[in-house]
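Student:
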Ligand code: SD4
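Residue numbers (the working numbering): 2 to 334.
#1: Just tell me which of 58, 83 and 74 has its CA closest to the CA of residue 199.
#2: Please report the Cβ distance between residue 286 and residue 255, rounded to the nearest whole angstrom; I am assuming they are in contact, meaning their Cβ atoms lie under 8 angstroms.
#3: Looking at residue 279 and residue 246, is the spacing between their C-beta atoms short of 8 angstroms?
#4: Applying the 10 Å Cβ sphere with the 16-neighbour rule, what's the burial state of residue 39?
#5: Is residue 45 near ligand 1, in the sense that its beta carbon is under 7 angstroms from a heavy atom of that ligand?
#6: Hey, out of 236, 244, 217 and 240, whose CA is closest to residue 224's CA?
#7: Quick one: grab the DSSP three-state call for residue 39.
#8: When we look at the beta-carbon of residue 72 and count the other beta-carbons within 10 Å, is it buried (16 or more) or exposed?
#9: Which residue comes first and which comes last in the beta strand (DSSP E) that contains residue 324?
#10: I'd like the span of the beta strand (DSSP E) that includes residue 195, first residue to last.
#11: Based on the DSSP secondary-structure assignment, which residues constitute the bridge partners of residue 210?
#12: If you drop the 5 nearest sequence neighbours on each side, which residues of the same chain put their C-beta closer than 7 angstroms to that of residue 60?
#13: Using a Cβ-Cβ cutoff of less than 6 angstroms, which residues in the same chain neighbour residue 153 once the five nearest sequence positions on both sides are dropped?
#14: Count the C-beta pairs between the segment 147 to 163 and the segment 193 to 213 that are closer than 8 angstroms, then say yes if the count reaches three, no if not.
#15: At a threshold of 7 angstroms, does residue 225 count as lining ligand 1 (C-beta to nearest heavy atom)?
#16: Determine the direct distance from the alpha carbon of residue 46 to that of residue 68, and round the result to whole angstroms.
#17: With a Cβ-Cβ cutoff of 8 angstroms, do residue 314 and residue 107 count as a contact?
#18: Hey, would you say the C-beta of residue 287 is under 7 angstroms away from at least one heavy atom of ligand 1?
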């Protein structure tokens with residue numbers, strides 16, 4: 002049976018199945034030409050996963066899903082929690098600034114129909130994800146940048162705010178003493194927030210929001226607002242979202258790659274591992290000095306996550322359980 006058709010059939014018949022259910026899938030043995038029957042364990046939905054330890058965010062998203070809300074509303078609600086959390090110094094308000102002291106946000110969102118919206122280099126507005134969603138739903142465009150994105154945010158009713166908190170200002174002032182730019186391998190269990198959800202209908206959406214790399218050059222944009230790099234959703238197959246050094250994710254179109262690998266039959270876990278391998282195995286890769294992590298879900302509610310370095314984690318809310326799970330990795334801390 003053709004995999005696409007198989008997935009479609011499975012999709013129709015599995016919405017809302019309980020955890021641990023078993024699917025039978027068939028493929029042909031290339032030598033004997035006989036069908037191979039393989040049992041595949043599937044997860045249940047609704048389900049939400051996010052990068053790092055962000056249980057408040059996954060809880061907000063799950064609350065939407067549990068009430069029958071859709072995956073798009075869920076991921077927006079979840080991301081907004083972290084954008085407003087001033088303690089998180091890599092997302093929304095309180096994010097660490099660029100080297101000139103300006104906090105600039107990148108975000109994107111993608112729905113079950115393959116629609117997407119994104120904002121890059123957005124200043125003075127906390128909820129970049131809401132602006133991205135509005136770009137998707139209420140403009141003829143996919144991406145708005147800088148002043149235009151900020152202007153649009155005010156037009157849709159968002160308020161102007163100073164995103165540079167005292168704590169982030171202090172950190173920047175300390176950094177300025179030496180002013181050395183070096184991507185930091187994050188082990189604080191909190192960073193760019195990427196979120197993927199499957200709602201009770203079995204439909205998938207995803208979102209990603211960040212203030213980008215601390216002390217980046219003015220004007221720098223990372224992977225997080227780039228559809229296919231920081232985030233990709235294909236409602237027939239699954240979704241993926243990235244965190245870490247955006248430049249490396251962009252060079253390998255990471256999230257799109259993970260989803261395409263799942264289309265070819267890899268599990269979310271295998272697909273994340275393969276996409277990390279592509280980065281690490283590049284000639285002269287400096288992977289020991291930077292981090293990249295992926296999380297992914299497939300249409301059956303199976304999840305995966307993998308990173309270059311230890312201490313990347315994923316928060317997963319499924320079957321009423323909200324838990325932080327350490328990811329597997331290549332380089333031990
Ligand atoms: C970026 N990927 O701007 C983001 C930053 C990040 O963990 O994820 N940090 O490159």
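Note that the Cβ used here is the ideal one computed from N, Cα and C, for glycine as well. None of these values were measured; they are calculated from a predicted model.
Tutor: Checking against the coordinates, here is how it stands:
#1: Residue numbering aside, residue 199 sits at position 198 when the chain shown is read from its first letter. Cα-wise, what sits closest to residue 199 is 74.
#2: As a first step, residue 286 is located in the chain shown; it is residue number 285 there, counting from the start. As a first step, residue 255 is located in the chain shown; it is residue number 254 there, counting from the start. Actually they are not in contact, since the Cβ atoms of residue 286 and residue 255 sit about 14 angstroms apart, beyond 8 angstroms.
#3: Within the chain shown, the letter at position 245 stands for residue 246. Within the chain shown, the letter at position 278 stands for residue 279. Not closer than 8 angstroms, so no.
#4: Here the question's residue 39 lines up with position 38 in the chain shown. Because the pLDDT of residue 39 is 42, which lies under 50, any placement of that residue in the model is unreliable, and the number read from its coordinates should be weighed accordingly. When all chains shown are included, residue 39 counts as exposed.
#5: Taking the chain shown and counting its residues from 1, the one referred to as residue 45 is at position 44. Checking the Cβ of residue 45 against ligand 1 gives no.
#6: As a position in the chain shown, residue 224 is number 223, starting the count at 1. Ranking the options by Cα distance to residue 224, first place goes to 244.
#7: Position 38 of the chain shown, counting from 1, holds the residue named residue 39. Unreliable positioning characterises residue 39 in this predicted model, as indicated by a pLDDT of 42, which lies under 50. The coordinate reading is nonetheless provided below. If DSSP states are grouped into helix, strand and coil, residue 39 belongs with the strands.
#8: Taking the chain shown and counting its residues from 1, the one referred to as residue 72 is at position 71. With 16 or more other Cβ atoms within 10 Å, it is buried.
#9: Residue 324 sits at position 323 when you count from the first residue of the chain shown. Where residue 324 is concerned, the enclosing beta strand (DSSP E) stretches over 322 to 327.
#10: Position 194 of the chain shown, counted from the start, is the residue given in the question as residue 195. Where residue 195 is concerned, the enclosing beta strand (DSSP E) stretches over 194 to 199.
#11: Mapped onto the chain shown, residue 210 falls at position 209. Residue 210 is bridged to 108 and 194.
#12: Mapped onto the chain shown, residue 60 falls at position 59. Closer than 7 angstroms at the Cβ level, and outside the excluded window around residue 60, lie 318 and 323.
#13: Along the chain shown, one-based indexing puts residue 153 at 152. Answer for residue 153: 145, listed in chain order.
#14: no
#15: One-based indexing of the chain shown puts residue 225 at position 224. Yes; taking the cut-off as 7 angstroms, the Cβ of residue 225 has a heavy atom of ligand 1 nearer than that.
#16: Here residue 68 refers to the residue found at position 67 of the chain shown. Here residue 46 refers to the residue found at position 45 of the chain shown. Near 12 angstroms, if we compare the C-alpha coordinates of residue 46 and residue 68.
#17: What you label residue 314 is simply residue 313 of the chain shown in a count that begins at 1. What you label residue 107 is simply residue 106 of the chain shown in a count that begins at 1. No, the pair does not count as a contact, with Cβ atoms beyond the cut-off.
#18: Residue mapping note: residue 287 aligns to position 286 of the chain shown, counting from 1. No - ligand 1 has no heavy atom lying nearer than 7 angstroms to the Cβ of residue 287.
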